[in-house]
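**Q** Quick one: this structure, given as structure tokens, is what I'll be asking you about.
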Amino acid sequence: MPQSSSILTALRFSADELIRELDRLPTEATIWQPAEGEWSQHECLTHIQICERNIFLPRLQAMATQTNPALPWVDEVALQREQWNPQRPRTELLADYASARQAEIELLEQSNWARPGQHPRRGPISMGWIATYAMAHTLEHLSQMIRARLFYEASQARAAQ
């Protein structure tokens, strides 16, 4: 596993880059979908916020304070369906995401990354595993958001011709 300091740096960087990416697209365009069934930037942001607030942070908190806790299964697809609201301001989603991410970083800075928890499907995992997964998860959806923006910009350029 990569060094914890490089993962912490990447966790900070990915959050900062997410903020910058959201500033690159007008608010009204964030619900635009690149294709049928593909997520808009707003849907990606909602998903990332849901995972940070409802999955990664609670699991890290449990692992930091309990001995080898059983980690609950969270149906992120159902949460996405329930919570996605195209009218919810992206600033609100972003603020909640950033708050959860900062709490994760602070917790990771103070914890032993080898502390285990029992995932219902993956079995034993560590705080370091969650940190690495959270980083990769954000980068995955950040690239999806960049793709949505680029497709939006291309569609606008075609429409202007």
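With our numbering, the residue at position 107 of the sequence shown is 1450, and numbering never jumps. All C-beta atoms, glycine included, are put in the ideal place defined by N, C-alpha and C.
For my contact list, R1492 and Q1376 are in at a C-beta cut-off of 8 Å; report their separation, rounded to the angstrom.
**A** Rounded, the Cβ-Cβ distance is 12 Å, inconsistent with contact.
**Q** Does T1316 pass the burial test, meaning 16 or more other C-beta atoms within 10 Å, or should it be called exposed?
**A** It is not possible to answer for residue 1316, since the shown part of the chain is limited to 1344 through 1504.
**Q** Write down the C-beta distance between P1412 and Q1461 rounded to the nearest angstrom, noting that I regard them as a contact closer than 8 Å.
**A** The Cβ separation is near 7 Å, so the contact holds.
**Q** Tell me which same chain residues have a C-beta within less than 7 Å of the C-beta of M1344, skipping the five on either side of it?
**A** The predicted position of M1344 is uncertain, since its pLDDT is 46 and thus under 50; a value taken from the coordinates is nonetheless stated next. Contacts found: G1471, T1475.
**Q** How many angstroms separate the CA atom of L1422 from the CA atom of Q1430?
**A** Looking at the two C-alpha atoms, the distance is approximately 17 Å.
**Q** At 4 residues or longer, what runs of the alpha helix (DSSP H) sit wholly inside the stretch 1390-1422?
**A** If we require 4 residues or more, the alpha helix (DSSP H) runs fully inside the stretch 1390-1422 come out as 1400-1408.
**Q** Can you grab the Cα-Cα spacing for the pair E1364 / R1464, in whole Å?
**A** So the alpha carbons of these two residues sit roughly 33 Å apart.
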